[in-house]
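These protein sequence lines map, in sequence, to chains C and G.
Following the numbering used here, the numbering of the first sequence begins with 431 at its first residue and continues without gaps.
Following the numbering used here, the numbering of the second sequence begins with 159 at its first residue and continues without gaps.
One structure below.
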Amino acid sequence: MGETVPKAQAESLQPSLFARVMWQVLPAAVLILLLIWFAISSFVRQMVLDNAQEKISLEAQNYAEIVEQRIDTLFNSVRLLANNQLTVNGLIDTVGRNSYLPALISSSRLPVEAPVRLTMTDYRGRVIAANHYSPEIDSQQWLTQVMQDRDHFAVRESGLLFATPIRYYDLPEGALVAEIDRDGLALMFKLSALFLDVTVQHERAGILFENRRNAPQTGEGLEFEWLGETVSLNKYSGFSVVVREQQGAALEQLKTLDGALMIAFVLDLIALLIGLTVTGRKVIKPIRELESAFLKIGETRSLDTQIKLSGGREIEILSAAMNDTLSSLREALVSRSYLSNIVAATPELVMQVSSKGDILAANPQAQRLLGEVGSNVLEFVEKNSRDSVKEQWFSSLLAQEPLQVEWAVYAQDGTERTIFWHLMNVGKTAVPEYFLFGSDVTEIRNAQVALVEKAAELEAKNSDLQQFTYAASHDLKAPLRGVAALVDWVEEDYGPQIPEAALARLKQIRERIVTMDLLLTDLLSYARLGSESFQAEDIQLSEMLVDIVKLIDPPPKFNVIVPNRLPALFSQRPALEQVLRNLIHNGIIHHNREDGCVWVHATRNRNTTTIVVEDDGPGIEPRYRDRVFEIFKTLQSRTSGSTGMGLAIVLRMVELAGGTVTLDDSPRGGCRFTIVWVDTEVRMPAQTA
Amino acid sequence: MVRPTRTVAVAAVALLLVGLPWLADARVSDVWYIGLEADMSSGTAEAGQAIKRGTELAIEEINAAGGLLGRSLKLLVRDNRGNPARGVDNILEYGAIEDVIAVMGGLHTPVLLPELPLLHEHALITLVPWAAGTAVVDNGYSPNFVFRVSVRDELAGGVMIEEGLRRGCSCFGLLLERTGWGRSNEQAIHASVSGHETAVVAGTNWFDWGAVDLIASVQDLYEKGADCLVLVANPREGKLAIDAASRYGLQKGITPVVLSHWGITGGGVRFYESVSHLLDQVDLSFIQSFSFFNPRYPEKAQRFFEKYASRYPNITGLKDIHSAPGTAQAYDLVHLLALAVTQAQTTDSESVLHALENLPPHDGLIKRYEPAFTSQRHDALGINSLEMYRYRGDGAIVPVR
């Protein structure tokens, strides 16, 4: 914490927070309000104008359609009358037509709200019948067109004229002419429910109808073109409909709008001021209290302060959060104290280092070993491996992976110590924080070296012993065969002369030679164990056992019981065969009865096979059970066929295969050997290692 | 003072010597005109064409024989489209042409009737080969310039009623066009019916030119008790009437008997084609004054047919002569006119009129005229010349019996 400013001084130096907020926020808020007001005003003004324009367009369009519709109605009704069969007949029936034609023309009521002058003429425009008293048609320009079988339509100063052919056999043979004068047109185009100024005009005849319903009074308002709309009526060329509306209604709307917007603006301003005042009371006051509380913490350097703020739910939440933060800080300080003590007390070396290896902080153990903070840890590395260590160090940083490596350093006391280092980044952010932990493994490594040396020494001795055993057993066989030959020669040369007692001794000598030969053979086998390797193969255990039993050929009353179905396994056949043969053979030769029995059964585990060989013989007392696996250890005399090597070979072979063999009592009365035989493929890595 | 007078006189003589032949050429034409005034392009144009062909063939024969009074005959043609207004204008035009010696008019009575005042005003000999209205000839004018070799309604009504009676009809429904022709027939039919005790008129329904259907009208007549329809119509409305009768027949399971005036045949083959599909459902017969299938003088008819076939295209048989009465009657009329002019030795209308009323007997294509006309009778055909005909399967017009 830097310099602290006393609370009273701080207050005097700074303007009131409320004043600052008002000073900074109010102008901006007023400006924003003004902009909003302007935008809304413009938008609504445009909308009002657009609506007015759209209304006018719509009215004009509607009116144009009505005009078209009425003209259409007139034309269609005149055409209908022209096609009336009595009209057609009137063209032909020159003698009788006066009895019906005038009545037909006079009584025809066309569906238009205007008096229509109808004149029926022959093909040269000569009047045949009419519904008016002056049946002269002002011009016959229409005749050419009608006699070409086309309708004729014209609007003149005098009014409207429509002429259509009267056909017989699809040929124009006469004409029906309809005329409406200007007064009639005014009636025809007048709309009773029209609230706008409408003018129907024709390019040649000028204005045909004008409705001045909303005509402005003198000196009041003007006709504004932007609200006027002209719509052309193109279907019958020459017509146009002009619809205008005074701006008055729209302007009234806009005045109302301006008033409403001004009131809204003033209300918004009042609301803003009230809002700021309330904010000052509800928000700024608690903030000032918070400020005081933290100033107090700064002065007293004590976190044992409780903050009590009031002013709405958010402020209370803030108050609670602040208290939680203070509480967390207190707990963190306590935790940090514990952690510092642990780091100081640990026998391990703990250092905070830079990425280049500069020691930024170190616990006492590290300082004792390497010196003060500020030095570079890489400088302490034993000089021959320094370059290699640096490479590993920076590769680890680059890969952003922890570094676990062992290297020797020079300690302050001048000794060389082997340290197992663990460099890791404990930073939780993008900025790394490297910690280097070290364990002094100098003594362990020294002990390991001594152990390895001792093991090598033992291995060499063992190898020598094995070679000696092999050589001895192999070389002793030759003189033994010589002794046997000498005994044979003595019997052959001096047979009849040899006394009975001497013959008995010779027999004993021969038996001892056989025993000696067996011993040497087993010893040789034992010595060769492990020097031979066999290919692993699939083994059907039950088949193998049947072969073994056949080979052993037990006494006639003796039973070796093998289940029909035993598990298969993958292993070196000769080794397993030797083990099982020795165990079954042992069970037979050491049995105390001729009708004894040996049982073999097996169970398969994940990658081992447990094979049990048990018998109902005399069993082995617990005190001898360890000794039976030693070489040349037999509990019976050598003359029984036992050399004392069988179980030693079993143990050796099982161990070479990576398994175990145990001996205990069989529930059947005899002893029970349990072999755990490891599959070859599982065992192989262990062997290579 | 003498010299100038002599000079002027010499100049005048010289001028006369130079100018007389020219003046003579200008005033004296070498042709007489017969003005045809008929429907040449509208709904009965085939009848107009038939009249024109008969006239042309007769003119050719007369011109081949040396013409009339040293001049050849020539045909002028004006189309009235069946419209009286056009007919009247055509007559006005012919009236203005000096060498028109006669007007050949047809086929509609309503066209001829309004023409009568002008025809008589211009003293135009009017030959009628096809228009049956009684009032066309019995027109009240004196002198009466109208001469007809054609059906006369007064007689036609009787022929149709007689045919109806023969077919077992006793109650006649009249379907008439609302014109002078229709009215002319109304009188004739009523007169004929009143002459038979067993015959009555069930009712008379009028229709207009331009009518669009006659179904209600026909049904109304049957509902009034009619057992035969008597039809006086041109092709367009005639087709509507036959169509309406066939519908009624199908509806009631009968074959309506329709006795028609000859106006329907003014449409020629077009009319036949328009109703041929209905003729199995309607017993249609109609008046004709002449047929190449039943000529009174077969040899003469054969010679005429040969000329006709060589003169006009696409003629392979008698059935190809459409509206044959129009042709035959026009042909006979032109020859009768030629006889009269020759007899009068002038084309003066009143002289020719007088000659026509006093012709010697003449062997025409249709009949032997003994004589054709008298001062009291301007109709050349009597009741014996009229007969009921029907359509054969191929459209040929053949006698009912």
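Heads up, the beta-carbon is just placed ideally off N, CA and C, and yes, glycines get one too.
Only a predicted model underlies this, so the values are computations on that prediction, with no experimental measurement involved.
Query	Result
CB contact check: VAL370 of chain G to chain C, cutoff 9 Å	yes
Residues that PRO268 of chain G contacts on chain C, provided the C-beta gap is smaller than 8 Å	ILE522, ASP523, THR524, VAL525
Same chain, Cβ closer than 6 Å to TRP395 of chain C, neighbours up to 5 away in sequence not counted	This structure does not reach residue 395 of chain C, given that chain C is present from 431 up to 1119, and the question cannot be answered.
MET318 of chain G in three-state terms, based on DSSP	helix
VAL558 of chain G and ARG550 of chain G closer than 9 Å at C-beta	no
In chain order, each beta strand (DSSP E) run of at least 3 residues that lies wholly inside the stretch 437-499 of chain G	441-446
Rounded Cβ spacing between TYR1091 of chain C and THR1040 of chain C (contact assumed at less than 8 Å)	It should be noted that the sequence gives Val, not Tyr, for residue 1091 of chain C. With a Cβ gap of about 11 Å, VAL1091 of chain C and THR1040 of chain C do not count as contacting.
Member of C:GLY1100, C:PHE669, C:LEU510, C:ASP952 whose CA lies at the smallest distance from the CA of ASP1046 of chain C	C:GLY1100
Cβ-based burial, PRO926 of chain C [other Cβ within 10 Å; buried from 16]	exposed
Helix, strand or coil at LYS1063 of chain C [DSSP, three-state]	coil
Buried/exposed call for THR730 of chain C, threshold 16 Cβ in 10 Å	exposed
Residues that ASP366 of chain G contacts on chain C, provided the C-beta gap is smaller than 9 Å	ASN514, GLN515, LEU516, THR517, VAL518, ASN519, GLY520, ILE522, ASP523
GLY193 of chain G vs ALA488 of chain G beta-carbon contact at 9 Å	no
Neighbour list for PRO242 of chain G in chain C, Cβ cutoff strictly below 8 Å	LEU521, ILE522, THR524
DSSP bridge partner residues for ASN1120 of chain C (one or two, in chain order)	The shown model of chain C, from 431 to 1119, leaves out residue 1120 of chain C, and the question about it has no answer.
Cβ pair count under 8 Å reaching 3, the stretch 308-326 of chain G against the stretch 385-400 of chain G	yes
Option nearest ALA222 of chain G by Cα separation, candidates G:LEU323, G:HIS493, G:ARG526, G:GLY361	G:HIS493
Residues of the stretch 598-632 of chain C whose Cβ lies closer than 8 Å to any Cβ of chain G, in chain order	TYR598, TYR599, LEU601, GLU603, GLY604
Listed by chain order, chain C residues near THR337 of chain G by CB distance under 8 Å	ASN519, ILE522, ASP523, VAL525, GLY526
Beta-carbon neighbours of PRO272 of chain G, restricted to chain C and to distances below 9 Å	THR524, VAL525
As assigned by DSSP and simplified to three states, the class of HIS354 of chain G	coil
Chain C contact for SER418 of chain G (CB, 9 Å cutoff)	no
Cutoff 9 Å: ASP502 of chain C Cβ touching any chain G Cβ	no
LYS813 of chain C versus C:ARG847, C:ALA890, C:ASP968, C:SER765, residue with shortest Cα-Cα distance	C:ARG847
Whole-angstrom distance between ASP611 of chain C and ARG310 of chain G, CA atom to CA atom	50 Å
Chain C contact for SER200 of chain G (CB, 9 Å cutoff)	yes
Partners in chain C for ARG239 of chain G, counting only beta-carbon separations shorter than 7 Å	LEU601, GLU603
Contact set between the stretch 552-566 of chain C and chain G, restricted to residues whose Cβ is under 9 Å from the partner	ASP552, TYR553, ARG554, ARG556, ILE558
With 16 other Cβ atoms within 10 Å as the buried cut-off, status of MET692 of chain C	exposed
Span separating the alpha-carbon of THR423 of chain G from that of GLU273 of chain G	23 Å
LEU1077 of chain C - partner residues in DSSP beta bridges	DSSP output for LEU1077 of chain C lists no bridge partner at all.
LYS937 of chain C: first and last residue of the uninterrupted alpha helix (DSSP H) it sits in	930-958
Contacts that ARG341 of chain G makes with chain C (C-beta to C-beta distance below 8 Å)	VAL525, GLY526
Own chain, CB closer than 7 Å to ALA243 of chain G, minus 5 neighbours either side, in chain order	none
Same chain, Cβ closer than 6 Å to HIS852 of chain C, five either side skipped, listed in chain order	GLN834, PHE867
Three-way DSSP call (helix, strand, coil) for GLU545 of chain G in this model	strand
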